[in-house]
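Visitor:
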Amino acid sequence: MAEFLSSRGGWTVMVRPELRDPLVAALATRPARSQMLRGASGIGKTTLAAQVGEELTRLDMTVVPVVALEELSEVPLAALAPLLNASAVADASDDVAGRVQRLIGLIGGAPDRYVLIVDDAPLLDALSASVVYQLVRVYGVPTLLTARDEHRLVGPIARMLHEDLVTVTDLEPLDAAQLEELVEHHLAGSVRPESVVGLLRATAGNPLLLRELVLTAQRAGRVHEGPFGVEVEAAALPVHLVDSVRHRVTELDAEELGFVRLLALAQPWPADLVAMEDAEVLSSLRSRGLVDDGAGVGIRLTHPLLTEAVIALMSSSERAERAATAAAALRTTGRDTDRFAAVRLARVHSSVEREGSERGPDAGQVEVDCGSTLSAADLEWAAGYAASVGDAATSLSFSHAAAEAGGGFRAHVLAAAAHSVLGETDSADEQFDRAARTAQTDAERAL
């Protein structure tokens, strides 16, 4: 059972001791080893850093917070201004240089007592970054830095990594079990499996987006008790979240935008389908922190909000055309995973007419009308594939679509099995009866 902190703004924060405790140990041990938390925006870096700071405070260490802002990244010493104005450092007779030296002397003179926690370290102004570097490199002050994937590491912060002064921990998203436990703790009840699957697809395990989606759904009255658990229906993301990354999309050139649009609809994209002429585009997008092709799971956009922003800027016809091209390419690989992705793209699964607006918990997995007609056999195959990988909710959706497309015995059997897995016994019985009525062979009747 996970540990949770008290609610913040109506949301409960999950404690992840497997991440927190090693960081505390590294910063509290002497000699200390400075650390960096790196990951996507909203992945929980600042929250985890705060938890580490609380534990270090309990060990009688003094946490010195430094917060960097993009708007002040060109203002000399802006990030250190609160510290330079503190009574322990400021002196009426001091100029700024004198205060900086006094700050360095105070913290650097007692590295066993102080620990720096620097939020968004890549956004530090050059002088503040130099002071942090000096405290780590020269005085050995234990320091915990956070960094977003999309921000390039340059100057003194990059030098800290090059000189092996910092250990980097890449934060991973919440997995399905963690997401389910967090939402169930917040809602004080068991959550329907389909809602868990939808939230995981929409957020890619990003805690910030999860919080926003659930709280927005609650405010919209879209969270309610169902016969098989609490149901969380689709809700639009707040406009300010999507707008916060929209500029990163509009800055792309035509080739980069085309590849990003492909990923928004069809991620994760197989690396072996990247044409040679796209390799340079992919390299450029990777260097800008927009795409990730690590862990061998395919190429995808680094943040669900990027997916939202890209899709919001596409017209329905652009989505259909791009998805049709992607589906055709995916069918050429011969892999079941890619065939399933192609069928998903070729099926109208969610509304796409909401131009320029936010979408709900199937964001990032949007399926659009690609101008192709799927046969009942295609849909039955997809339902069977989803069932084989344990996704009963998706299997149910495809099996019902197969029945509507003229499918018979197999569509009803798959629907019955999915209803059974989801605990919907009455619906399962109904589908089994339909399967019995449509069985045409002895083998089907026996099954």
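Position 104, counted from 1, in the sequence shown is what our numbering calls 85; the numbers after and before it change by one each time, with no gaps.
Here a beta-carbon is modelled for each residue, glycine too, at the ideal position from N, C-alpha and C.
Model, not experiment: these values are computed from the prediction.
#1: Consult DSSP for Gln412 and reduce its assignment to one of helix, strand or coil.
#2: Rounded to the nearest angstrom, what separates Thr28 and His284 at their Cα positions?
#3: Whole angstroms is fine: what's the gap from Gly23's alpha carbon to Ala62's?
#4: For a quick check, are the C-beta atoms of Leu108 and Pro57 less than 8 Å apart?
#5: With distances taken Cα to Cα, identify the nearest neighbour of Ala183 among Arg173, Ala6 and Val195.
#6: Just to confirm before moving on: does the CB-CB distance between Ala308 and Leu294 stay below 8 Å?
#7: Tell me the residue span of the alpha helix (DSSP H) that contains Ser429.
#8: Let me confirm a value: Glu361 is counted as buried when at least 16 other C-beta atoms fall within 10 Å, else exposed. Which label applies?
#9: So if DSSP puts Ile280 in a beta bridge, which residue, or which two residues, is it bridged to?
#10: Work out the CA separation of Ser401 and Tyr366 for me, nearest whole Å.
#11: Across the segment 37 to 54 and the segment 5 to 12, are there enough close Cβ pairs to call them in contact, namely three or more that are closer than 8 Å?
#12: Out of Ser356, Ser54, Glu51 and Arg(-3), point me to the one whose CA is closest to Ala30's CA.
#13: Going by Cα to Cα distance, which pick from Ala290, Pro249, His381 and Ala102 is closest to Leu53?
#14: Distance check for Ala235 and Asp410, CA to CA, integer angstroms please.
#15: Run the CB neighbour count on Gly371, radius 10 Å, all protein chains shown included, and call it buried at 16 or more, exposed below.
#16: Would Arg300 and Arg312 be called neighbours here (beta carbons separated by less than 8 Å)?
#17: Report yes if the CB atom of Thr124 is closer than 8 Å to the CB atom of Val99, and no otherwise.
#18: With DSSP run on the structure shown, which of helix, strand or coil describes Leu428?
#19: Can you name, in chain order, every residue of its own chain whose Cβ lies under 6 Å from the Cβ of Ala357, other than the five neighbours on each side?
#20: Helix, strand or coil: how does DSSP classify Val5 here?
#21: Can you name the start and end residues of the alpha helix (DSSP H) that Glu184 belongs to?
#22: Check whether the Cβ atoms of Val204 and Val213 lie closer than 8 Å to each other.
#23: Report the three-state DSSP secondary structure of Ser447 (helix, strand or coil).
#24: If I follow the unbroken alpha helix (DSSP H) through Arg118, where does it start and stop?
#25: At a cut of 8 Å, does the segment 138 to 149 reach the segment 13 to 21 through at least three beta carbon pairs?
#26: Nearest CA to the CA of Arg200: which residue from Leu218, Gly207 and Val394?
#27: Within this structure, are the beta carbons of Leu282 and Val272 separated by less than 8 Å?
#28: Taking Val164 as the reference, give the member of Leu116, Ala397, Ala424 and Gly(-9) with the closest Cα.
#29: Assuming Leu286 is part of the alpha helix (DSSP H), what are its boundary residues?
#30: From which residue to which residue does the beta strand (DSSP E) around Gly207 run?
#31: Go ahead and label Met42 buried or exposed: buried means 16 or more other beta carbons lie within 10 angstroms of its beta carbon, across all protein chains shown.
#32: If we count the other Cβ atoms within 10 Å of its Cβ and call it buried at 16 or more, is Arg436 buried or exposed?
#33: Which residue wins for smallest C-alpha separation from Ala185, given the options Ala158, Thr314, Pro208 and Arg269?
#34: How many angstroms separate the CA atom of Thr318 from the CA atom of Glu131?
#35: List the DSSP bridge partners of Leu18.
Guide: The relevant details are as follows:
#1: Shown here, Gln412 sits in a helix according to DSSP, grouped into three states.
#2: Whole-angstrom Cα-Cα distance: 18 Å.
#3: Approximately 26 Å, taken between the alpha carbons.
#4: yes
#5: Val195
#6: No, they are not a contact pair.
#7: The requested residue 429 is not part of the displayed model; the chain covers only -18 to 428.
#8: Of the residues assessed, Glu361 falls on the buried side of the cut-off, its CB having 16 or more other CB atoms within 10 angstroms.
#9: Trp250
#10: 17 Å
#11: Output reads yes: the segment 5 to 12 touches the segment 37 to 54.
#12: Arg(-3)
#13: Ranking Ala290, Pro249, His381 and Ala102 by Cα distance to Leu53 puts Ala102 first.
#14: 53 Å
#15: exposed
#16: no
#17: yes
#18: coil
#19: Correct list, in chain order: Ala383, Ala386, Gly387 and Gly388.
#20: helix
#21: A small correction: the amino acid at residue 184 is Thr; Glu does not occupy that position in the sequence shown. Thr184 -> alpha helix (DSSP H) spans Pro174 to Thr184.
#22: yes
#23: Nothing in the structure corresponds to residue 447, since the chain is present only between -18 and 428.
#24: Ala107 to Arg118
#25: yes
#26: The option with the nearest alpha carbon to Arg200 is Leu218.
#27: Yes, they are a contact pair.
#28: Of Leu116, Ala397, Ala424 and Gly(-9), the residue nearest in Cα terms is Gly(-9).
#29: Pro285 to Ala293
#30: Val204 to Gly207
#31: buried
#32: Nothing in the structure corresponds to residue 436, since the chain is present only between -18 and 428.
#33: Ala158
#34: 29 Å
#35: Looking at the DSSP output, Leu18 shares a beta bridge with Thr127 and Thr150.
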